[in-house]
Each structure stands twice: as structure tokens, then as C-alpha cells.
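Once you know that position 82 of the sequence shown is 121 in the numbering used here, the rest is easy, because the numbers rise by one and skip nothing. All residues carry an ideal CB built from backbone N, CA and C; glycine is no exception. Note that the coordinates shown come from a computational prediction; the quantities given were computed from them, not determined experimentally.
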Amino acid sequence: MAIDVLLSGFEPFDGAARNESWDAVRHATPVLLDRGMSVASIELPVVFGAGADALLAEVTAHAPRLVVATGLAAGRQAITPERVAINIQDARIPDNAGASPVDRPSLESGPVGYFSTLPIKAMVEAASALGVAASVSQTAGTFVCNDVFYRLCHALQADGPDAGIRGGFVHVPSADVIDPEDAARALVAMVEAALGTREDLAITGGRES
């Protein structure tokens with residue numbers, strides 16, 4: 040049965056006890072359900088290939104209108120919808136299966152990159168209106184977050200616009216920067232903005248570096 044929204048976060052990695060992206064998704068899901076949306080959520084493995092496979096299986100199972108994948112970006116000072124996914128795996132640390140690919144494509148036959156099909160600027164405005172720091176990000180990195188984002192975009196592109204599924208990625212900062220419950224409030228606002236916005240806002244979200 041088709042649903043409104045599919046959310047994903049990640050399991051802990053690199054020795055951490057938690058992953059704030061999954062915390063945000065866990066807190067956001069019941070709020071969205073209470074607001075009348077049909078929602079599914081999944082905790083993905085921090086494993087190249089397997090994380091994307093798990094998400095795409097849920098996309099096939101649920102046929103959502105919207106897919107919002109999330110991940111942790113420790114060191115960032117805001118919740119950040121991502122603009123672009125790139126076709127690269129370049130691991131600074133091993134994933135949770137011990138793999139450390141270097142300069143390997145996510146998909147051998149895939150293009151260099153894909154733009155998010157979410158209205159990222161409208162999403163930033165919605166989160167900012169709650170007093171939660173938010174901004175557009177120009178890079179999802181080269182670890183498993185980007186791998187999932189790229190594979191999601193590739194699959195949605197292959198399905199074509201007639202499938203009616205839009206998707207993208209949002210990075211959540213660590214809990215010492217934004218409390219996971221505040222991140223969840225921002226995520227709810229971003230989902231609502233994305234569902235209600237077909238054409239993104241014509242406002243700047245660029246950077247010089």
C-alpha cells in the first residue's frame with residue numbers, strides 16, 4: 040500500500056552508542072502519524088551497499104510519495120538538507136562491516152551525480168521558523184550517507200517521474216549541537232514542507248566554499 044513518507048536513519052558506528060539520525064527519526068515518526076500521515080521508518084546499517092539495499096527494499100514495499108533519508112554529520116552546526124549526491128565511495132573510517140573503499144564508484148555505470156528532488160530551501164525555511172538552525176549543504180560526504188543518497192537518487196531516476204516519488208537526504212548534527220527532539224521537530228517541519236511544496240523557493244542557499 041502506498042504511503043506518504045518513508046524515513047530512514049542509521050545505526051551507531053565508529054564505536055558510538057547512538058546515532059542521532061535514528062533518534063530524530065524515532066521521535067518524528069509518531070508525530071507525523073498523529074498528524075494524519077502514513078509513515079514508515081527504518082534503521083539502516085552503516086555498510087556500503089547494504090544500507091542502500093535496505094532502503095530501496097522499503098521504497099519498493101511502500102511506494103512512498105516522499106523518501107527522506109537522514110544521517111549523522113558530527114561537527115556540523117545545523118540540520119542540513121543535501122543538494123547533491125555523488126558517485127563515489129571514499130571511506131575515512133571502516134564501515135560497520137569493516138570495508139574501507141577508496142575512490143570506488145557507488146555504481147559502476149552511474150553518472151557523476153544527482154540533485155535531490157526534495158525542495159531543500161523550503162525545508163530549511165520550515166526548520167528555521169521553529170528556531171532550529173538549518174541550512175542547505177552542498178556535500179553529503181563520501182561515506183555511507185552519500186552512498187545511500189546516491190543509490191536512492193539513481194533508483195528514483197530510473198523509476199521516472201510517473202512513479203511520483205521524490206527523495207533526498209538530510210544530515211543531523213550531534214546531540215551536543217541540536218537536541219534530537221529538536222532535530223525531530225525540524226524533521227517533521229521539513230517533511231510537511233516537502234509534501235506541500237512542488238516547486239522550491241527561489242532563495243539563496245549557496246556558499247563560496
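{"Asked": "Go through its chain and collect everything with a Cβ distance to residue 224's Cβ below 7 Å, but skip five positions before and after it.", "Found": "169, 171"}
{"Asked": "How long is the line joining the alpha carbons of residue 100 and residue 113, rounded to whole angstroms?", "Found": "31 Å"}
{"Asked": "In chain order, which continuous runs of the beta strand (DSSP E) of length 3 or greater are located wholly inside the stretch 95–172?", "Found": "105–111, 123–125, 152–154"}
{"Asked": "Using the C-alpha atoms, what's the distance from residue 126 back to residue 232?", "Found": "28 Å"}
{"Asked": "Give the single residue among 178, 220, 238, 129 whose Cα lies nearest to the Cα of residue 86.", "Found": "129"}
{"Asked": "Can you tell which of 118, 68, 155, 183 has the C-alpha that lies nearest to the C-alpha of residue 84?", "Found": "183"}
{"Asked": "Assuming residue 41 and residue 102 form a contact by the criterion Cβ under 8 Å, report the distance between their Cβ atoms to the nearest whole angstrom.", "Found": "4 Å"}
{"Asked": "Would you check if the stretch 143–158 and the stretch 49–64 touch, i.e. whether three or more CB-CB distances between them fall below 8 Å?", "Found": "no"}
{"Asked": "If you count every other CB in all the chains shown that lies within 10 Å of the CB of residue 139, and 16 or more means buried, which is it?", "Found": "exposed"}
{"Asked": "Kindly indicate which residue of 208, 207, 46 has the alpha-carbon position closest to the one of residue 97.", "Found": "46"}
{"Asked": "Would you call the CB atoms of residue 250 and residue 135 closer than 8 Å?", "Found": "Residue 250 lies beyond the stretch modelled for the chain, which goes from 40 to 248, so this question has no answer here."}
{"Asked": "Per DSSP, what kind of secondary structure is residue 80 in: helix, strand or coil?", "Found": "strand"}
{"Asked": "Contact defined as beta carbons within less than 8 Å: I believe residue 213 pairs with residue 111. What is the distance between those atoms, to the nearest angstrom?", "Found": "7 Å"}
{"Asked": "Given this structure, state the Cα-to-Cα distance separating residue 226 from residue 166, to the nearest angstrom.", "Found": "7 Å"}
{"Asked": "Strictly by DSSP, which residues pair up with residue 209?", "Found": "109, 120"}
{"Asked": "Under the assumption that residue 108 contacts residue 187 (Cβ atoms under 8 Å), give the Cβ distance between them as a whole number of angstroms.", "Found": "6 Å"}
{"Asked": "In or out: residue 243 buried (at least 16 other Cβ within 10 Å) or exposed?", "Found": "exposed"}
{"Asked": "If you follow the beta strand (DSSP E) that residue 44 is in, where does it begin and where does it stop?", "Found": "44–49"}
{"Asked": "By Cβ distance below 6 Å, which residues in the same chain neighbour residue 229 in space, the five residues on each side in sequence not counted?", "Found": "162, 165, 166"}
{"Asked": "In angstroms, rounded to a whole number, what distance separates the CA positions of residue 88 and residue 81?", "Found": "16 Å"}
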